[in-house]
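A.B. asks: Got a structure here, written out as structure tokens. Questions coming.
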Amino acid sequence: MANDVYFFNPTCELAVANGSFSYMPPLLLREFERDCSALPFVFGTRNDFILTEKKPSFEFIRKLSDAGFEMPEFCTLKGLQSVTNSSFDTIIPWGWSPAAHFKLKELKDKCVLPFANSPVFNWTESHTTLYERITSLCFLKKFLDENPFDFFIDQSMTGAKVTSIKEIEGLVDKKHPLVLKAPLSSSGRGIQIIRKQTLNTSNKQWISGILNQQSYLIAEPYLDKVSDLSFQFRITDQGQPEYLGYSVFETNTNGQYKSSLIRPNMETTHFSETNKDTELIINLTASRLGEALKGSIYTQLHRGFLGIDALIYKDHEGLKMQPCIEINSRMNMGILTIQIEKNVDPKTTGKYELFYGKRGEFLQFATNCESQYPLKMKNGKLCAGFLPLVEPDGENQFGAYIFLETVTS
Numbered sequence: 015m016a017n018d019v020y021f022f023n024p025t026c027e028l029a030v031a032n033g034s035f036s037y038m039p040p041l042l043l044r045e046f047e048r049d050c051s052a053l054p055f056v057f058g059t060r061n062d063f064i065l066t067e068k069k070p071s072f073e074f075i076r077k078l079s080d081a082g083f084e085m086p087e088f089c090t091l092k093g094l095q096s097v098t099n100s101s102f103d104t105i106i107p108w109g110w111s112p113a114a115h116f117k118l119k120e121l122k123d124k125c126v127l128p129f130a131n132s133p134v135f136n137w138t139e140s141h142t143t144l145y146e147r148i149t150s151l152c153f154l155k156k157f158l159d160e161n162p163f164d165f166f167i168d169q170s171m172t173g174a175k176v177t178s179i180k181e182i183e184g185l186v187d188k189k190h191p192l193v194l195k196a197p198l199s200s201s202g203r204g205i206q207i208i209r210k211q212t213l214n215t216s217n218k219q220w221i222s223g224i225l226n227q228q229s230y231l232i233a234e235p236y237l238d239k240v241s242d243l244s245f246q247f248r249i250t251d252q253g254q255p256e257y258l259g260y261s262v263f264e265t266n267t268n269g270q271y272k273s274s275l276i277r278p279n280m281e282t283t284h285f286s287e288t289n290k291d292t293e294l295i296i297n298l299t300a301s302r303l304g305e306a307l308k309g310s311i312y313t314q315l316h317r318g319f320l321g322i323d324a325l326i327y328k329d330h331e332g333l334k335m336q337p338c339i340e341i342n343s344r345m346n347m348g349i350l351t352i353q354i355e356k357n358v359d360p361k362t363t364g365k366y367e368l369f370y371g372k373r374g375e376f377l378q379f380a381t382n383c384e385s386q387y388p389l390k391m392k393n394g395k396l397c398a399g400f401l402p403l404v405e406p407d408g409e410n411q412f413g414a415y416i417f418l419e420t421v422t423s
């Protein structure tokens, strides 16, 4: 049986940008990684291991097991390293970085040959390009050239690489609002929306900081968003893209990730200019993206989960698709939500959501929700109610949970 090791490090892009093997994220993000370190249990089996410094209690593990999840073993890195005569099939961090390779090096030495021979086993400078927005922008431009459908975004509305404040001032004078994105960042962070025709002092300071750290920015026209979605793939050991489905997610006003919908209904929206259902457009886009991934740098250098964020937006012609906002060569909340859906009744919808507050607030929130919305199951699947996916305690600032309701016809 496979023995995989999962490690939750959602700050991997920041670690890649830093480049150091000893990178340590800011305190608040370290708190997020610690509080939610058990989340990859969603992907695991009873033979797998989840690295965490906060092992869930027996009672909480039992609660998740009763909810239909197959529970792996939770252990510390030091504890797993000390196990003699052990071997593992694959190490699966949220995302690879120089820091992740350094942290997990002793476990890597205990992995079997297929993983040791994979392109993710050792970090090279080329791997940095997998995380850069310029790489996904080039992928998008090539994709649009090869797929000239009228429901896709026009080439003139895609992003551009900029290297100076003067360049940005020229763009914002012609196209505003304008979205500026750092080359390396994640989950909607490293983004600034320029809503006015001139840059203010705060804008210029942020731009200068990114240019000093990462040398360039991506500038994109601001689109009138209808829905965020993400196409989920797995790059197999043979370097082939396998389509796993799509997820719909929600962001705050700054574009940062908030939540993902469980079994979203996209059939009520239509691409008016083509008179085709959204679902048909989504399926066609997914198929074409899968073809475009073949032979790309993403299938050459990456293995495991990969998400392509996309956008349905309005323009003067109707609804259109921006098929590749960015490519995440790592795990993401979208694939986690798709994995959760396997435990959810087919007639149930809901939401997977992250929580942030003061210490103890997640415990109070979860206690109230579990009392008000008790978890219900039907034929061994979740069908209604509230379930925390991270154990609530008095120390947590962050949490994660699902809220479900049965669709009535």
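Going by this note's numbering, the sequence shown opens with residue 15, and the numbers climb by one from there.
Cβ atoms here follow ideal geometry from the backbone N, Cα and C, with glycine treated the same way.
Which same chain residues, not among the five before or five after VAL134, have their C-beta less than 6 Å away from its C-beta?
C.D. replies: Closer than 6 Å at the Cβ level, and outside the excluded window around VAL134, lie TRP110 and ARG317.
A.B. asks: For ARG248, which three-state DSSP category applies?
C.D. replies: DSSP places ARG248 in strand when its eight states are reduced to three.
A.B. asks: Cutting at 8 Å between CB atoms, please list the residues of its own chain near GLN211, excluding the five before and the five after it.
C.D. replies: So the list reads VAL186, ASP187 and HIS190, once near-sequence residues are dropped.
A.B. asks: Would you report the Cα separation of VAL176 and LEU333, rounded to the nearest angstrom?
C.D. replies: In a straight line, the C-alpha of VAL176 is about 28 Å away from that of LEU333.
A.B. asks: With a threshold of 8 Å on Cβ separation, who are the neighbours of LYS308 within its own chain once the five nearest residues in sequence on each side are excluded?
C.D. replies: Hits under 8 Å: GLN254 and PRO255.
A.B. asks: Which whole-angstrom value describes the C-beta separation of SER244 and ILE322, a residue pair presumed to lie in contact below a C-beta threshold of 8 Å?
C.D. replies: Between ILE322 and SER244 the Cβ distance is about 7 Å, and since that is below 8 Å, they are a contact.
A.B. asks: Which same chain residues end up closer than 6 Å to ASN32 when comparing Cβ atoms and leaving out the 5 residues on each side of it in sequence?
C.D. replies: Once the five neighbours on either side are set aside, ASN32 has no close Cβ partner at all.
A.B. asks: So, helix, strand or coil for VAL30, using DSSP?
C.D. replies: Reduced to three states, the DSSP call for VAL30 is helix.
A.B. asks: Taking the C-alpha atoms as reference points, what is the distance between ILE416 and ILE352?
C.D. replies: C-alpha separation (whole angstroms): 12 Å.
A.B. asks: Compare the Cα-Cα distances from ASN99 to each of CYS89, TRP108, ASP123 and PRO128 and report the closest residue.
C.D. replies: Nearest C-alpha to ASN99: ASP123.
A.B. asks: Name, in chain order, the residues that DSSP records as bridge partners for ALA174.
C.D. replies: DSSP, once it has assigned bridges, lists ALA233 as partnering ALA174.
A.B. asks: By the three-class DSSP mapping on this structure, what secondary structure does MET347 have?
C.D. replies: Here MET347 sits in helix by DSSP.
A.B. asks: Within 10 angstroms of its Cβ, does HIS330 collect 16 or more other Cβ (buried), or is it exposed?
C.D. replies: Classification of HIS330: exposed, given that the 10 Å Cβ count is below 16.
A.B. asks: I need the straight-line Cα distance from THR104 to LEU65, nearest angstrom please.
C.D. replies: When rounded, the distance between both Cα atoms is 13 Å.
A.B. asks: Kindly give me the distance between the Cβ atoms of GLU303 and ILE249, rounded to whole angstroms, as I take these residues to be in contact under 8 Å.
C.D. replies: Correcting the residue identity first, residue 303 is Leu in this sequence and not Glu. At roughly 13 Å, the Cβ-Cβ gap does not stay under 8 Å, so LEU303 and ILE249 are not in contact.
A.B. asks: Cα separation between PHE21 and ILE106?
C.D. replies: If I take the Cα positions, the gap works out to 6 Å.
A.B. asks: Among GLN270, GLY399 and PRO197, which residue has its Cα nearest to the Cα of THR363?
C.D. replies: It is GLY399 whose Cα lies nearest to the Cα of THR363.
A.B. asks: Leaving out five residues before and five after SER286 in sequence, what residues of the same chain have Cβ atoms less than 7 Å from its Cβ?
C.D. replies: Confidence at SER286 is low in this model, with a pLDDT of 46, below 50, so its placement is unreliable and the value that follows should be read with caution. Answer for SER286: GLY332 and LEU333, listed in chain order.
A.B. asks: Measure the alpha-carbon distance for PHE35 versus PHE163 and round it to whole angstroms.
C.D. replies: When rounded, the distance between both Cα atoms is 44 Å.
A.B. asks: Using the Cα positions of ASN23 and GLN386, report the straight-line distance between them to the nearest angstrom.
C.D. replies: Going by the C-alpha atoms only, they are around 33 Å apart.
A.B. asks: Tell me PHE166's beta-bridge partners as DSSP assigns them.
C.D. replies: DSSP, once it has assigned bridges, lists MET335 as partnering PHE166.
A.B. asks: Sorted by chain position, which residues of the same chain lie with C-beta nearer than 8 Å to PHE412's C-beta, five sequence neighbours on each side aside?
C.D. replies: So the qualifying residues of the chain are GLU45, PHE46, ASP49, CYS50, LEU368, PHE369, TYR370, PHE376 and VAL404.
A.B. asks: What do you get for SER170, buried or exposed, if any count of 16 or more other CB atoms within 10 angstroms of its CB means buried?
C.D. replies: Answer is exposed; the Cβ neighbour count stays below 16.
A.B. asks: DSSP state of PRO54, grouped into three classes?
C.D. replies: Correct three-state label for PRO54: helix.
A.B. asks: What is the C-beta distance between GLY82 and GLY394, in whole angstroms, given that I count them as a contact (C-beta under 8 Å)?
C.D. replies: With 8 Å as the limit, GLY82 and GLY394 qualify as a contact, their Cβ atoms being about 6 Å apart.
A.B. asks: What does the Cβ neighbour count give for PRO360, buried or exposed, with the cut at 16 atoms within 10 Å?
C.D. replies: The residue in question, PRO360, is exposed, as its Cβ has fewer than 16 Cβ neighbours within 10 Å.
A.B. asks: Let's see if you can read the secondary structure: which residues bound the beta strand (DSSP E) around GLU367?
C.D. replies: That run of the beta strand (DSSP E) goes 362 to 370.
A.B. asks: Please name the residue or residues paired with CYS152 in a DSSP beta bridge.
C.D. replies: According to DSSP, CYS152 bridges with nothing at all.
A.B. asks: If you follow the beta strand (DSSP E) that SER10 is in, where does it begin and where does it stop?
C.D. replies: In the structure displayed, the chain extends from 15 to 423; residue 10 sits before or after that span and is not available.
A.B. asks: The ligand FAD and LEU127: does the residue's C-beta get closer than 7 Å to at least one heavy atom of that ligand?
C.D. replies: Of ligands this structure carries none, so the ligand FAD is not represented either.
A.B. asks: Can you have a look at GLN424 and say buried or exposed, based on whether 16 or more other CB atoms are within 10 angstroms of its CB?
C.D. replies: It is not possible to answer for residue 424, since the shown part of the chain is limited to 15 through 423.
A.B. asks: Please return the same chain residues whose Cβ sits closer than 8 Å to the Cβ of SER79, not counting the five positions on each side in sequence.
C.D. replies: Contacts found: MET85.
A.B. asks: Express the C-alpha separation of ARG277 and LYS365 in angstroms, rounding to a whole number.
C.D. replies: Answer to the nearest angstrom: the Cα atoms are 9 Å apart.
A.B. asks: In whole angstroms, what is the alpha-carbon distance linking ILE179 and LYS117?
C.D. replies: Taking the straight line from one Cα to the other gives about 38 Å.
A.B. asks: CB ILE341 to CB SER241, shorter than 8 Å?
C.D. replies: No, they are not a contact pair.
A.B. asks: Apply the 10 Å Cβ neighbour rule to ASN289 and answer buried if 16 or more other Cβ atoms are within range, or exposed otherwise.
C.D. replies: The pLDDT assigned to ASN289 is 47, lower than 50, so where the model puts this residue is not dependable; a value taken from the coordinates is nonetheless given after this. ASN289 should be labelled exposed.
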